[in-house]
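Asks: Those sequence lines, one after another, are chains A and B. Note that our numbering gives residue 53 to position 53 of the first sequence, counting from 1, and the numbers run on in steps of one. Note that our numbering gives residue 187 to position 187 of the second sequence, counting from 1, and the numbers run on in steps of one. Just so you know, even glycine gets a beta-carbon here, dropped at the ideal spot from N, CA and C. The structure that follows is given in the form of structure tokens.
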Amino acid sequence: MANVMQTETFDDSRIVYREVVEAGKPWMHEVKAGQFFRIVDLEGNQAVDTLFYNAKDHSERYSAADTIREQGNIYLTTGSVLQSNFINPMLTIVDDTCGRHDTIGGACSAESNTVRYAIEKRHMHSCRDSFLMALNTCDCHADHPMTKGDLASNINFFMNVPVSPDGHLDFDDGISAPGRYVEMQAHMDVLVLVSNCPQLNNPCNGYNPTPVEMVIWE
Amino acid sequence: MTENNLSKSARLGDLIWRENLPGGAHWSGVIRRGTVLRIMDVEGGANVSMLMNNIEVKNERYNMPDTLKAQKTAFLTTPNMCFSDMGRVMCSIIGDSCGWHDTIGGISNARMVEKKFGVKTYQEAHNDYYKSGFDSLINELEKWGLGVSDIMPNINWFSKVRVEESGAMTFVEGNSKAGDTVDLRFEMDCIVSLATAQHPLDPNTAYDPKPIELSVFKAMPVENDDPCRLHRAENERAYYNTKVYYGENPNG
């Protein structure tokens with residue numbers, strides 16, 4: 001895995017939005033066509049569960065299966081085109097100082113936590129709780145209400161889910177580090193839904209969920 | 001493996017019904033808890049794209065990531081279970097003569113089919129017209145009040161996709177032989193939607209989807225030592241959640 005550290009390309013004066021999202025918090029915001037969207041892993045080893053929707057038609061959304069098939073590779077990095085379920089390019093990853101990102105590992109939920117760890121862990125905070133909270137509180141999609149049925153398979157930025165040729169899949173320690181970022185440019189107006197993952201039971205965020213920063217610029 | 005060597009709960013009960021499905025077709029129906037759906041690759045080289053929804057709570061659906069993570073696998077075979085997004089078991093793979101079934105490759109769409117095979121309309125070819133997996137599944141999902149939003153990462157029975165260390169995906173040809181079967185014991189009353197379109201990564205440049213046979217049998221009672229339940233602690237906990245959902249003693 002190449003340790004890709006690229007030079008920053010953006011200019012502070014062009015930033016239109018900047019916010020730190022604490023661990024375990026949801027975040028939902030629109031990124032306009034042509035704008036750049038950067039997620040910074042402030043302390044390293046964090047997993048940022050992310051979904052994208054066409055801001056004008058939410059039935060069009062990020063599709064993990066179509067994205068990996070179109071590029072013939074299960075990992076996402078610079079050059080990856082994030083495809084919709086209608087096979088339209090939604091965003092392209094234009095810079096990535098982490099190396100690769102997962103999109104087949106999905107998001108945690110109270111129910112999957114009972115399966116993966118213990119029945120008693122159901123009460124622990126999960127990404128699906130964060131997603132549902134955002135869907136029910138953000139006025140950014142008030143004209144088109146969204147429900148659990150809108151939660152498709154997501155991207156896990158900064159998360160390491162290696163698959164071997166014999167078909168073994170695992171969750172490994174992250175390959176991210178403090179200050180690493182992934183940056184993408186939108187091809188359409190996209191609504192971004194994020195759960196800054198609160199998972200405490202596996203190494204996806206080093207058993208210590210930490211904040212990330214969201215930056216949008218033109 | 002002879003019938004006698006099979007664990008009791010992997011044996012099939014009486015045949016309930018049987019139906020043939022041509023290549024390039026689509027089908028949906030309810031498969032009940034306590035029955036086994038056997039899918040047979042009649043000629044070899046079939047691909048069966050499948051989605052499952054709980055018939056009672058339709059937004060509970062097959063979840064590829066949860067299925068793979070819980071069982072630390074990137075493909076399906078016996079004794080894997082197929083999990084829903086609600087921490088429950090939809091079906092258990094109690095028999096498999098093929099050995100590798102894909103669940104990361106997705107389905108074909110109209111644009112892809114046209115680019116690869118060209119166009120053949122109903123007007124000119126009648127029921128041999130070219131269909132995509134996406135359009136085929138939409139036709140079935142809509143009948144149950146489901147739709148585009150329910151096209152999630154699906155299972156592709158009989159297809160093999162290998163992932164190299166680099167993450168590159170390769171379709172492995174010749175994975176399934178004529179007569180290969182996979183036996184799915186349903187643990188939840190499910191709407192099952194199927195499309196027999198070719199796998200989107202199949203390099204075959206001819207439109208040549210293969211026929212399958214569907215058979216539904218009564219299932220034997222699920223034993224405490226059932227191989228699917230015992231496969232991993234995660235499987236047993238998902239089975240526990242499923243029994244709770246159906247109002248049964250989860251320890252009984």
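Using CA coordinates, which residue listed in A:Ile74, A:Pro198, A:Ala177 and A:Asp95 is at the minimum distance from Arg38 of chain A?
Replies: Comparing Cα-Cα distances from Arg38 of chain A to each of A:Ile74, A:Pro198, A:Ala177 and A:Asp95, the minimum goes to A:Asp95.
Asks: Pull out every residue of the region 184-211 of chain B whose Cβ sits closer than 8 Å to any Cβ of chain A, in chain order.
Replies: If the cut-off is 8 Å between Cβ atoms, the region 184-211 of chain B has Pro200 and Leu201 near chain A.
Asks: Which residues, taken in chain order from the region 59-77 of chain B, show a beta carbon closer than 8 Å to some beta carbon of chain A?
Replies: Correct list: Asn59, Asn63, Met64, Pro65, Asp66, Leu68, Lys69, Ala70, Lys72, Thr73, Ala74 and Phe75.
Asks: Rounded to whole angstroms, what is the Cα-Cα separation between Cys127 of chain A and Trp27 of chain B?
Replies: Cα to Cα, Cys127 of chain A sits roughly 34 Å from Trp27 of chain B.
Asks: Which bits of chain A does Val163 of chain B rub up against, with CB to CB less than 7 Å?
Replies: Within 7 Å Cβ-Cβ: Ile74, Val163 and Pro165.
Asks: For Gln83 of chain A and Gly252 of chain B, I'd like the C-alpha separation in whole angstroms.
Replies: So the two alpha carbons sit approximately 46 Å from each other.
Asks: Among A:His141, A:Gly44, A:Asp139 and A:Val31, which residue has its Cα nearest to the Cα of Met90 of chain A?
Replies: When only C-alpha atoms are compared, the closest one is A:Val31.
Asks: Could you give the distance in angstroms between the alpha-carbon of Glu218 of chain A and the alpha-carbon of Asp12 of chain A?
Replies: Straight-line Cα distance between these residues: approximately 10 Å.
Asks: My parser needs the alpha helix (DSSP H) runs of 4 or more residues fully inside the region 107-150 of chain A; what are they?
Replies: Listed in chain order, the complete alpha helix (DSSP H) runs (minimum 4 residues) inside the region 107-150 of chain A are 110-116 and 127-137.
Asks: Skipping 5 residues on each side, what residues in its chain have a beta carbon closer than 8 Å to that of Val16 of chain A?
Replies: Counting only Cβ-Cβ distances below 8 Å, and skipping sequence neighbours, we find Gln35, Ile216, Trp217 and Glu218.
Asks: Comparing alpha-carbon positions, which option in A:Thr147, A:Arg61, A:Asp150 and A:Pro209 lies nearest Met159 of chain A?
Replies: Cα-wise, what sits closest to Met159 of chain A is A:Pro209.
Asks: Using a Cβ distance threshold of 8 Å, determine whether the region 91-99 of chain B contacts the region 110-127 of chain A, with at least three qualifying pairs required.
Replies: Too few Cβ pairs lie closer than 8 Å, so no.
Asks: Which residues, in chain order, does the region 74-99 of chain B contribute to contact with chain A at a C-beta distance below 8 Å?
Replies: So the list reads Ala74, Phe75, Phe83, Asp85, Met86, Gly87 and Arg88, given in the order they occur along the chain.
Asks: Find out if the Cβ-Cβ distance for the pair Leu227 of chain A, Leu132 of chain A is shorter than 8 Å.
Replies: Residue 227 of chain A cannot be examined here, being either before or after the span of chain A that is shown, 1 to 218.
Asks: Is the region 165-182 of chain B touching the region 216-223 of chain B in the sense that three or more CB pairs, one from each, lie closer than 8 Å?
Replies: No, the region 216-223 of chain B does not touch the region 165-182 of chain B.
Asks: Kindly list, in the order they appear in chain B, the residues whose Cβ is closer than 7 Å to that of Lys121 of chain A.
Replies: Per Cβ cutoff of 7 Å: no residues; Lys121 of chain A is ~10 Å from chain B at best.
Asks: Could you please give the first and the last residue of the uninterrupted beta strand (DSSP E) stretch that includes Ile68 of chain A?
Replies: Ile68 of chain A -> not in any beta strand (DSSP E); alpha helix (DSSP H) instead, spanning Ala64 to Gln71.
Asks: Considering just the uninterrupted stretch of the alpha helix (DSSP H) at Cys228 of chain B, what are its terminal residues?
Replies: From DSSP, the alpha helix (DSSP H) with Cys228 of chain B extends over Pro227 to Leu230.
Asks: Taking DSSP's pairing of strands, which residues face Arg88 of chain B in a bridge?
Replies: According to DSSP, which records beta bridges pairwise, Arg88 of chain B is partnered with nothing at all.
Asks: Please state whether the Cβ-Cβ distance between Phe117 of chain B and Asn47 of chain B is less than 8 Å.
Replies: No, the Cβ-Cβ distance between Phe117 of chain B and Asn47 of chain B is not below 8 Å.
Asks: Determine, using beta carbons only, whether Asn205 of chain A comes closer than 8 Å to chain B.
Replies: Not an interface residue.
Asks: Measuring CB to CB, does Gly106 of chain A end up less than 8 Å from Lys69 of chain B?
Replies: Yes; because the gap between Cβ atoms is below 8 Å, this pair is in contact.
Asks: Can you tell me whether DSSP reads Val161 of chain A as helix, strand or coil?
Replies: Of the three classes helix, strand and coil, the one that applies to Val161 of chain A here is coil, per DSSP.
Asks: Considering only residues of the same chain and omitting the five flanking positions on each side of Ile138 of chain B, which have a CB-CB separation below 6 Å?
Replies: Here the set comprises nothing.
Asks: On the DSSP letters alone, give me the boundaries of the alpha helix (DSSP H) that Asn241 of chain B sits inside.
Replies: Ala233 to Tyr245 is the span of the alpha helix (DSSP H), which, as asked, contains Asn241 of chain B.
Asks: Where are the beta strand (DSSP E) runs, 3 residues long or more, that stay fully inside the region 88-160 of chain B, in chain order?
Replies: Runs of the beta strand (DSSP E) inside the region 88-160 of chain B: 89-96 and 155-157.
Asks: Whose Cβ in chain B lies nearer than 8 Å to the Cβ of Leu169 of chain A?
Replies: The answer, in chain order, is Leu68, Lys69, Lys72, Thr73 and Ala74.
Asks: Counting Cβ pairs, one atom from each stretch, are 3 or more of them under 8 Å apart for the region 64-81 of chain B and the region 13-22 of chain B?
Replies: The region 64-81 of chain B is not in contact with the region 13-22 of chain B.
Asks: For Tyr181 of chain A, count neighbouring Cβ atoms within 10 angstroms of its own Cβ and tell me buried if that reaches 16, exposed if not.
Replies: With 16 or more Cβ atoms within 10 Å of its Cβ, Tyr181 of chain A is classed as buried.
Asks: Taking only three categories from DSSP, how would you classify Arg14 of chain A?
Replies: Arg14 of chain A: helix per DSSP, three-state reduction.
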